[in-house]
Structures are given as structure tokens and as C-alpha cells.
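Visitor:
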Amino acid sequence: MFHNESIFKDFRDFTKKNEEVRNLFTSNCKPTTAHFNIVQRVTAGLSFLHKEILTKRKLEIELKKQTSSSWKTTYTVSLQEPKTTSIVWQQSCEIPKSSIHWNIKDNGHAGTSRHRSDDVPEIASQLILARRYRVIKIVGEGAFSKTVCAEDLYRNGSLVAIKIMVSQYNHIGFEECKKLRYLNLHDIYENTHVIKLLNTFLYDKHFCLVFEYYRGGVLKVPCMINEQFRLQIVRKLACQLLTALIYIKHMAIIHGDLKLENILFVTENSYELRVIDFGNAIGLDDVKYYTESFEIQSLLYRAPEVLLGLPFGYEIDMWSFGCILCEIWTGYPIFQSDTKSGMIKEMERLLGPLPISPYKNAKNFAWYLTRNDNGLKDWPVEASKDTLRSMRIRKLSKALNTNNMDFVKFVDEIFNYDSSKRLSPTEALCHTFLAPLFPFTLFYTSHTINSFLKKSSMYQALT
1 MFHNESIFKD FRDFTKKNEE VRNLFTSNCK PTTAHFNIVQ RVTAGLSFLH KEILTKRKLE
61 IELKKQTSSS WKTTYTVSLQ EPKTTSIVWQ QSCEIPKSSI HWNIKDNGHA GTSRHRSDDV
121 PEIASQLILA RRYRVIKIVG EGAFSKTVCA EDLYRNGSLV AIKIMVSQYN HIGFEECKKL
181 RYLNLHDIYE NTHVIKLLNT FLYDKHFCLV FEYYRGGVLK VPCMINEQFR LQIVRKLACQ
241 LLTALIYIKH MAIIHGDLKL ENILFVTENS YELRVIDFGN AIGLDDVKYY TESFEIQSLL
301 YRAPEVLLGL PFGYEIDMWS FGCILCEIWT GYPIFQSDTK SGMIKEMERL LGPLPISPYK
361 NAKNFAWYLT RNDNGLKDWP VEASKDTLRS MRIRKLSKAL NTNNMDFVKF VDEIFNYDSS
421 KRLSPTEALC HTFLAPLFPF TLFYTSHTIN SFLKKSSMYQ ALT
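Listed below in C-alpha cells is the structure:
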């Protein structure tokens, strides 16, 4: 709805001008001679648009929203070109309440509001986002974002997953976008098992990330009577996870939130997986910013050095990997508690007492010395390393309910309290437990392969 005829005329002239420029571009793209190749045609056409493109980059678009009690919003859009006619028009439109809602708690009651920093978007089905994605259903919801399954109208209706950030936490989405762009850019062969970021856009002040949609769901292993089949599946999953960790480490990134919910199967009928949710991922140089609060990793997958307040590195992802492996096998978390002290107690119950040497300089070490050590009642006060290791193996075998010693020892070497002695992703990939996946390793021992890798340039590059 335009307010007067003169403004309408200016807008119509502006549209006509753009149409003429497009026709000029098309006509200049046509070949005049047989030797006029495609590059010359496109270059000639673009030359006529060069001035227009520079002008459009300087266009100022100001969006002013004035909300009234009737839910009618007036949009004022100002397009200004340097040394040209200023074109201004206004259009009133009503925002349908069925399209988007906002869950706000005000004085204990649910209400409806707009543009609140702590709003959590509730997206209706069939809503079109960015003029491209038709929402089908909600597939996940968290404190910082909501994830929906949508149909990409530009790609023959292929499905995508769209992560819609709460506007207050848009910065988390920006950081995740930056990390994933960096990882995807260097993933030339697309075989690192890291989720692929397809697109990003801003929707009503909410930053949105578009990913490939994976139908397989959260990682899990079906219950099978034959333990060997289950072990083989665990091996395949472990190998893919380790591949992702090797790549992430090589790119100097710590995932920081590895857990079962952040690993998805690509399809329902295969065991190919993807590591997702890099919202908490940090660069190695950013670790210093976490040395005050140590608020990183989900509690059930948190490494002991993070719990006690030691400077940490890539090794914390390997601890989370060990927790995931055990949870895949047993169906429940290997360490279960809702407090930090409870997690330490659970670890010591299964793995024995923490060694003093690596943790004496930890921020929370004084608290650790004054803790309730009921979790150590089954462990001898003084024992050799071999005795403690045999006890750990026995307890882990019981906790995992398996007699496969390769698997138990694999988990034991991952759950090393000393992060400097914990298995790295590359070393873990060469462990005896995973040997059935790599027939050539049968000719060598795990120690021989690790020694060779440590001396090779490949190992240095990956570690």
C-alpha cells in the first residue's frame, strides 16, 4: 500500500531501471563471433553491471518496526543511492500469530512477547524460513537453541536440519559457524565424520545454521545375543570417532562437549556416524579463558583434570570418547552423578585413587584432600602399580560385563588419570582391540606400530 502516486512512480522507475540493466547484461553475454568464448562473454556483461553493483553495496536499508496492541507492524525501508533519487516507501502488514510464537515466563505465567533477548522460538509447521526452507517438524530443543527438520525448496525437497539459536546466545552460533567452516573447508575428501554446515541466515534476530539431516538418530548399538557381533560394531564406531578426533586435533580444536547425544547415525540402516554440535568447541589457544571456571564438557563425560582444575588440552576429548564407548556397550553412563564431588567418587570407585603427582597443582586439589573417600574403601592404601592395574581391569570387566580383555584394556588405557599418559586418538586407532578392522596389524604388535608412528612424520602431523 503506497501513500501517494509520486512515490509509486519512483519505485516503478527504479524497478524498470533494474530490468533494463538485466537485459543489457543478457544481450552483452551473447557471442558476436566464433572466437568470443564464455569467459569473454561473462566479462563483457559484468562490466556493464560493475557500476550498478558498487552502488547497490552502498544502499542503506533501515528497518523500523513499530509494534501496536493490534499486532500490526509498519516497515519503513529506505533505499538511498549516492547522487540519485531517494526512494522511500511504506507498507503495513499484519504478522500472523500462527506463524511464530515466543515462550516467555512473566510472573509465573506464560505470555507472548516479541524481540526479547531470552526468547525461545516455537516454530510452526509449514513455516518458510529464508524463503527457502519449509519447516516439517521439531527434532530437538535445548537451552540455547531449537532444531527443526525442514525441506530445502531449492534442492528438490531434500531434508536439512536447521539449528535456530536463542537470540541471547547468537554468539554461540557464530562461534560454531566459524569452527565448522574451518573444519569443512579443509575436509577435502569428506571422510572425517564431522557434520557438514550448508548455510547460515538470520531469522527475526535469531541466528540459524543449516546442516545435513541425518535420519539414523542418536548413536546406539542394538542388543545382540552374540557378543562378537556387538564388539565388531563397537570397533567400527570407535574407529570413526577416532578418525574425527584425529582430524579435530590436527586442526588445533578441542570439541569440548563430546557425548552420546552429539553423535548421530547418517542413515537408519548403516553404522556411519557424524560428530555434531561444535557450539562449545574451542581452539587450543583459548584454553586459558577457561582456567577460572573450568565450565566445559557435560558432567557425565568430564575429564578428571577439568573437575579438579588443571590446565587441559585435547586429552579431555579422549576421556569423553572412553565414556561414550562404555555407554554404547552397557546402555548407561559408566560414571553417574549430578555433582563434581560425586563424579570424582565414582571414578575412584572404579579406577582407584587419583595420583598425587599430576594433580598437586590443581586449583581444587585442596578440596580433593578433604573429600569423603568412601569410594576408596575397596582399594588398598599402599599397593604397587601392577596390583592397582589388575584391580582396575577386574572392576572394569565387571562393570562392562565382558570377558574380552582387549576391550577392557582399551578402556583402561583411555581412562588414565594422567592426561600425558592417556591414549591419543592415533595411538588408540592402533590398539589391539581395533586390530580386526585392519588385517595388516596382525603382522605387528601394538607396541611396534606405536613406536613406528611416533618416529614417522605422519604421527607428528596428526599429534
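Residue numbers (UniProt numbering): 1 to 463. Even glycine gets a Cβ: it sits at the ideal position worked out from N, Cα and C. Treat the numbers as computed from the prediction; the structure is a model and nothing was measured.
(1) Nearest CA to the CA of V234: which residue from N199, F410, E175, R422?
(2) Would you call the region 322-340 and the region 300-310 touching, i.e. three or more CB-CB distances under 8 angstroms?
(3) Using a 10 Å radius around the Cβ and a threshold of 16 neighbouring Cβ atoms, would you call I344 buried or exposed?
(4) From this set, N262, Y289, T387, which residue's C-alpha is nearest G352's C-alpha?
(5) Is the separation between the beta-carbon of K196 and that of E212 shorter than 8 angstroms?
(6) Could you pull out every residue in the same chain whose Cβ sits closer than 6 angstroms to the Cβ of I123, ignoring the five residues on either side in sequence?
(7) Can you tell me which of the three DSSP states L354 falls into?
(8) Taking E227 as part of the alpha helix (DSSP H), name the residues at either end of that continuous run.
(9) Which residue from A252, F312, R274 puts its Cα closest to that of E292?
(10) Taking the alpha-carbon positions, what's the I138 to L129 distance?
(11) Over the uninterrupted alpha helix (DSSP H) stretch that includes S390, give me the two end residues.
(12) Going by CA-CA distance only, name the one from I334, P304, W319 that's closest to S341.
(13) Nearest-angstrom Cα distance between G322 and R131?
(14) Kindly indicate which three-state DSSP category G342 falls into: helix, strand or coil?
(15) Any idea what DSSP makes of S124, helix, strand or coil?
(16) Would you list the one or two residues that DSSP bridges to H206?
(17) I'd like to know whether the C-beta atoms of G217 and V266 end up nearer to each other than 8 angstroms.
(18) Enumerate in chain order the residues of its own chain whose CB-to-CB distance from Y368 is below 8 angstroms, with the five nearest sequence positions on each side excluded.
(19) Grab the span of the alpha helix (DSSP H) containing R181 for me, first residue to last.
(20) The alpha helix (DSSP H) that contains I263, what's its start and end?
(21) Suppose the cutoff is 7 angstroms on Cβ atoms and the five residues either side in sequence are ignored; what does the same chain contact list for V306 look like?
(22) Where DSSP assigns a beta bridge to D152, which residues make up the other side?
(23) Sorted by chain position, which residues of the same chain lie with C-beta nearer than 8 angstroms to Y133's C-beta, five sequence neighbours on each side aside?
(24) Name the residue from W379, L273, I254, I263 whose alpha carbon lies nearest to the alpha carbon of L284.
(25) Check each candidate in K179, E141, C239 and name the one with the smallest Cα separation from T426.
(26) Compute the distance between the beta-carbons of S424 and M318, then report whether it is under 8 angstroms.
(27) Going by DSSP in three states, V221 sits in which element: helix, strand or coil?
(28) When you compare only the Cα positions, how much space is there between T339 and I172?
(29) When the Cα of R181 is compared with those of L231, M251, I246, which residue comes out closest?
(30) Give me the Cα-Cα distance between S384 and S390, rounded to the nearest whole angstrom.
(31) Apart from the five residues on each side of it in sequence, which residues of its chain come closer than 7 angstroms, Cβ to Cβ, to N416?
(32) Exposed or buried, which one is D277 when buried takes at least 16 other CB atoms within 10 Å?
(33) Near residue 506, which residues of its chain fall below 7 angstroms by C-beta distance, leaving aside the five closest residues on each side in sequence?
(34) Between the C-alpha atoms of L264 and A244, what's the straight-line distance to the nearest angstrom?
(35) I'd like to check one pair, F438 with L231: are the Cβ atoms closer than 8 angstroms?
(36) Using alpha carbons as the reference points, say which of I393, N170, F229 lies closest to F207.
Guide: Put simply:
(1) Among N199, F410, E175, R422, the Cα nearest to that of V234 belongs to F410.
(2) Yes, the region 322-340 touches the region 300-310.
(3) By the neighbour-count rule (16 or more Cβ atoms within 10 Å), I344 is buried.
(4) Out of N262, Y289, T387, T387 has the C-alpha closest to the C-alpha of G352.
(5) For the 8 angstroms CB-CB criterion, K196 and E212 form a contact.
(6) V135, V148, listed in sequence order.
(7) Three-state DSSP puts L354 in coil, outside helix and strand.
(8) Where E227 is concerned, the enclosing alpha helix (DSSP H) starts and stops at 227-250.
(9) The shortest C-alpha separation from E292 is found at F312.
(10) A direct Cα-Cα distance of roughly 14 angstroms separates I138 from L129.
(11) Taken as a continuous stretch (DSSP letters only), the alpha helix (DSSP H) holding S390 covers 385-400.
(12) Taking S341 as reference, the option from I334, P304, W319 with the minimal CA-CA separation is P304.
(13) The alpha-carbon atoms of G322 and R131 are separated by roughly 43 angstroms.
(14) Helix.
(15) Per the sequence shown, residue 124 should be read as Ala rather than Ser. Assigned with DSSP and collapsed to three states, A124 falls in coil, not helix or strand.
(16) Bridge partners of H206: Y203.
(17) No, Cβ-Cβ distance for G217 and V266 is not below 8 angstroms.
(18) Within the same chain, L308, I344, L354, Y359, A362 come within 8 angstroms of Y368 by CB-CB distance, once the 5 residues on both sides are set aside.
(19) Counting along the chain, R181 sits inside the alpha helix (DSSP H) bounded by residues 170-186.
(20) Note, I263: premise wrong, no alpha helix (DSSP H); beta strand (DSSP E) at 263-265.
(21) Here the set comprises F294, I296, Q297, F312, I316.
(22) Per DSSP, Y133, S158.
(23) Taking Y133 as the centre and dropping the five residues before and after it, the same chain places the C-beta of A150, E151, D152, L153, V160, I162, V210 closer than 8 angstroms to its C-beta, in chain order.
(24) The candidate whose alpha carbon is nearest that of L284 is I254.
(25) With distances taken between CA atoms, T426 lies nearest to C239 out of K179, E141, C239.
(26) Closer than 8 angstroms, so yes.
(27) In this structure, V221 counts as coil in the three-state DSSP scheme.
(28) Near 25 angstroms, if we compare the C-alpha coordinates of I172 and T339.
(29) If we check each option's Cα against that of R181, M251 comes out closest.
(30) Looking at the two C-alpha atoms, the distance is approximately 10 angstroms.
(31) A distance below 7 angstroms between beta-carbons, with the five flanking residues on each side excluded, links N416 to the following residues of its chain, in chain order: R422.
(32) Within a 10 Å sphere around the beta-carbon of D277 sit 16 or more other beta-carbons, which makes this residue buried.
(33) What is shown of the chain runs 1 to 463, which leaves residue 506 out entirely.
(34) Whole-angstrom Cα-Cα distance: 13 angstroms.
(35) Taking a C-beta distance under 8 angstroms as the contact criterion, L231 and F438 do not qualify as a contact pair.
(36) Ranking I393, N170, F229 by Cα distance to F207 puts N170 first.
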